[in-house]
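If you're matching them up, the sequences are chains A and B in order.
All the letters of the first sequence, read from the start, carry residue numbers 10 to 437 under this note's numbering.
All the letters of the second sequence, read from the start, carry residue numbers 424 to 700 under this note's numbering.
A virtual CB, placed ideally from N, CA and C, is assigned to each residue, including glycine.
First up is the structure itself, then whatever we jot down about it.
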Amino acid sequence: MIAHLKTFLTSPWTILGSIIVGIACGVYVPEFSMGLDSIGSIYISLLKVVVLPFLLATILVGIIGLLQKEGSQELIRKIIIGFVGSMFLAAVIGVGTVMVTGTEMTPQKKTEFGALVNNKDTGTELSINLHEPMPSSAPVNAGKMAEKFIPENIFATLNNGESLKIVIFCLIFGVALGHLKTDGQRMLVEILKSIQQASISIFKFLNYFLPFALLAMISSQVGKVGVGIFLTMFDFVFQQFVGGLLVVVLGTIVIWKRSGLDLMTVIRETKETLIVAVSSRSSLACIPYAQEALHKLHFDKGGVELTVPLSFTVNRIGSIVYYAIATVFIANIYDAPLGVTGLLVVLFGSILAGLASAGTTGILTVATVAVVCDLLKLPSEAVLILLIAVDPLMDMIRTASHVHGNVAVTAFVCDKEHVDGQAERVPS
Amino acid sequence: MKNLLISLTLSVLAIFPSFAQTATSTVPLPVDIAAIKKANVLVVAMTKKDVPPFFSGEGDAVHGLDVEIAQRIGVLLGVPVQFRRDAESFAEVVEQVRDGRADIAVSKLSVTGPRLQVVRFSDPYVKLRQSLIVNRLWLSQNSQGKETYQVIRDFNGKISFVKNSSYDTFARINFPKAQFLPEEKWDVIIDKVTRGDIAAAYRDEFEIKKISFEKPDAAISTKTITIADSSDYIAVAVHPKSIQLLSIVNYVIKNEYNNIDTKKLMDRYKAENKDKK
């Protein structure tokens, strides 16, 4: 009986069903659906509560394993190539998508957007003094940018759940720990491995509740935002969807080629990570799923354990695609022709914005589009209101392409593992 | 004795009203009031163009805040009100009062330096701040890392405002580096700033706020900036010699129209527009 229930709860059909029911609930009984919001939040919180210890354990184990093994330099070299290459590819996909699906900005659309901006916010108004002194805001410089990468107090960082700083700490601490040749170190590694395993079993248990959480999360999102705004913003939503789809398809091809297994197996193993990405909109929550999927596809355990957390936090593939498309959308609204130079600026600007967005979530991530807009001298403030309004859906697409893209990057970086545990080189 | 007292009191009471009446009829009225009484009409100047919710509507159908104020003054004086609406600009309204072609101007008039030299202004019945709508693209292209307020302080683009309005004066004082493009029609100015033909349009915060209802798409292409340390006082103008009339106007404003702000004006404007629809 229980075995049947478990199979039912983890079946892809059940998950698909809960997504459809979720959307239907959001559309037809929005008030009730918004009440389900807390169920979704509880689920995400439960996932995240184990993610931090898991993240800490898994990166440390990964680094120590790497340092004690031959060919660590090779892995680091490949990680750098993988990151730079994937960021560039993501920007190309973003720019390519808008070039292929290019749409026209009509005065009617502009009026609709204007009405949306008017309704959503009055905060775009500014009050200034012409003669009286104005409070000056602290200038943002490179030092300030670097600050968000550098952990000052690891316990405070853990407390605030600043994943980027945790990763940086783990890298530093892991290298130091890896060079110790003491019993203490070996014991610590064993402890960390136990934390890792315990976390995984919690994730697996939580998995059974995924269909319910999915229903709650999707229906409350749909209920909150409504469908109307997506119709107005259809062109933009569609372009983001195409961009995300391209990343997922390209990513799947990379994983498939690198794994050497058949395509159906690859899809079957990576599907769950993708579903969690879409429903939770938290790449952090996807880390354990992604690692398990990559283990099942027989990628080198040590490499995966290091590359997945690192790439998920630093290598913002989803955001880069998003910024490229959003910037061209903004340029279109302001009738600012970009030309070849402009598109090149979008390409590299998006990568820059992607790097700048590391460690941000939600609205802050969306607002980082200003980095690219500033380079092109485009105003982003008013359109930002529109982007934030549709972001619940955009965040799903962004997280999905971010997670799947980085699973592909990990597949590119890591070698295949023999059944007996020996790493095997796959020609790239 | 008691009867005598009562009859005395009664007779005093009976005499008193007639006594009061003789006081007003025999003592001469101040010159300005006497002239209005003699003409038996209060001529109120307003611009030809409607400025809702201050005044709008043809002929007798004219209505709005300024119309109400004028009518209250008329009631106090005990004369009917006649609206004179042939002035092409706000400046012309002031001229009509200066030349005695109208008794007062209740025409959403701003108090400005040049106007204060030729007419007397009442206490303000609306206190507004000055505002700009700036083309967003122009703003991003001219920011060069500067804060928005700095760009506005050193404003050097094309700025437009209603010709011969108070903003014609304000613009030249506040934005000396700008290129001035006075325009007859406010609608034309808004179109130009949304299209990006000009960098900014300059008027009071209420008129700027009104744009978002009349042209919602303007929110995408333009940004509204209110100048907090500025003022635009709306007051009634009278001839420099009409001192008594001025005190009556001030009395009406202080008693009945002393706390009208942008929000109240906006509510009035929305209610008027709802009726139209």
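- Residue nearest to B:Ser589 in terms of C-alpha spacing, selected from B:Lys693, B:Glu481, B:Leu551: B:Leu551
- Can you give me, in chain order, the residues of the stretch 575-607 of chain B that have a beta carbon less than 8 Å from any beta carbon in chain A? Ile575, Arg576, Asn597
- Message: Nearest by alpha-carbon distance to B:Gly482: which of B:Pro476, B:Leu488, B:Ser665, B:Met469 is it?
- Response: B:Met469
- Message: Measuring alpha carbon to alpha carbon, tell me which residue in A:Met10, A:Pro21, A:Ile11, A:Gly44 is nearest A:Arg511.
- Response: Since the first residue shown for chain A is 10 and the last is 437, residue 511 of chain A is missing from the structure and cannot be characterised.
- Task: Go to B:Thr470, then tell me how far its beta strand (DSSP E) extends in each direction, as first and last residue.
- Result: 465-470
- Item | Beta-carbon spacing of B:Asp455, B:Ile666 below 8 Å | yes
- Proximal residues, the stretch 530-561 of chain B versus chain A, C-beta separation under 8 Å: Arg559, Leu560
- Can you tell me whether DSSP reads B:Val626 as helix, strand or coil? For the record, residue 626 of chain B in the displayed sequence is Arg; it is not Val. Looking at B:Arg626 - three-state DSSP - the assignment turns out to be strand.
- Bridge-paired residues (DSSP) for B:Ser583: B:Leu604, B:Ala624
- If we cut at 8 Å on Cβ distances, does B:Tyr572 have a partner in chain A? yes
- Separation of A:Thr106 from A:Asn341, as counted between CA atoms: 14 Å
- Compare the C-beta of A:Lys119 with all C-beta atoms of chain B and state if any pair is closer than 8 Å. yes
- Run the CB neighbour count on A:Phe212, radius 10 Å, all protein chains shown included, and call it buried at 16 or more, exposed below. buried
- CA-to-CA distance, A:Thr316 to A:Val126, given in whole angstroms: 41 Å
- Closer than 7 Å by beta-carbon distance: list the chain A residues that pair up with B:Lys697, in chain order. Here the premise fails: no neighbours, minimum Cβ distance about 17 Å.
- Relative to the alpha-carbon of B:Gly501, which residue among B:Ile621, B:Lys461, B:Ile657, B:Ser545 has its alpha-carbon at the smallest distance? B:Lys461
- Message: If contact is defined by three or more beta carbon pairs under 8 Å, each pair taking one atom from either stretch, is the stretch 68-76 of chain A in contact with the stretch 175-185 of chain A?
- Response: yes
- Message: For the structure I just gave you, are there three or more beta carbon pairs, one from the stretch 79-92 of chain A and one from the stretch 398-410 of chain A, closer than 8 Å?
- Response: The stretch 79-92 of chain A vs the stretch 398-410 of chain A: no contact.
- Message: So for A:Ala421, helix, strand or coil by DSSP?
- Response: One point to set straight first is that residue 421 of chain A is Phe, not Ala, in the sequence displayed. In this structure, A:Phe421 counts as helix in the three-state DSSP scheme.
- May I ask you to list the residues that DSSP assigns as paired with B:Glu410? Coverage of chain B is limited to positions 424 through 700, which leaves residue 410 of chain B absent and any answer about it impossible.
- Span separating the alpha-carbon of A:Phe308 from that of A:Ser268: In a straight line, the C-alpha of A:Phe308 is about 7 Å away from that of A:Ser268.
- Message: With a threshold of 8 Å, are at least 3 pairs of Cβ atoms found where one atom belongs to the stretch 412-429 of chain A and the other to the stretch 344-359 of chain A?
- Response: no
- Message: Using the three-state DSSP reduction, which class does A:Gln230 fall into: helix, strand or coil?
- Response: Residue state, collapsed to three classes: helix.
- Out of B:Ile496, B:Thr645, B:Phe603, B:Asn673, point me to the one whose CA is closest to B:Ser563's CA. B:Thr645
- Relative to chain A, which residues along the stretch 464-482 of chain B have a C-beta separation below 9 Å, given in chain order? none
- Using a C-beta to C-beta distance shorter than 7 Å, which residues of chain A count as neighbours of B:Ser512? In chain order: nothing, as chain A lies at least about 25 Å away.
- Message: Please identify the residue among A:Ala33, A:Phe92, A:Ile175, A:Ile262 whose C-alpha is closest to the C-alpha of A:Phe63.
- Response: Nearest in C-alpha terms to A:Phe63, of all of A:Ala33, A:Phe92, A:Ile175, A:Ile262, is A:Ile175.
- Who are the Cβ neighbours of B:Ala437 in its own chain at under 8 Å, not counting the five residues just before and after it? Here B:Ala437 scores only 48 on pLDDT, less than 50, and its place in the model is too uncertain to base an answer on.
- Item | Contacts that B:Asp620 makes with chain A (C-beta to C-beta distance below 9 Å) | The contacting residues do not exist; B:Asp620 stays about 13 Å from chain A at best.
- At a cut of 8 Å, does the stretch 318-328 of chain A reach the stretch 405-418 of chain A through at least three beta carbon pairs? yes
- Helix, strand or coil for A:Thr191 per DSSP? coil
- Message: Applying the 10 Å Cβ sphere with the 16-neighbour rule, what's the burial state of B:Ile612?
- Response: buried
- Query: Taking Cβ positions, are B:Ser530 and B:Asp489 nearer each other than 8 Å?
  - Reply: yes
- Message: Quick check on this structure: which residue in A:Ile394, A:Ala207, A:Ala379 has the alpha carbon closest to the alpha carbon of A:Pro388?
- Response: A:Ala379
- Taking the alpha-carbon positions, what's the A:Thr221 to A:Ser210 distance? Looking at the sequence shown, residue 221 of chain A is not Thr but Phe. If you take the alpha carbons of A:Phe221 and A:Ser210, they lie about 19 Å apart.
- Query: What distance in whole Å lies between the Cβ atoms of A:Gly49 and A:Ala225, which are believed to be in contact at a cut-off of 8 Å?
  - Reply: Right, the Cβ-Cβ distance comes to about 4 Å (below 8 Å), so this counts as a contact.
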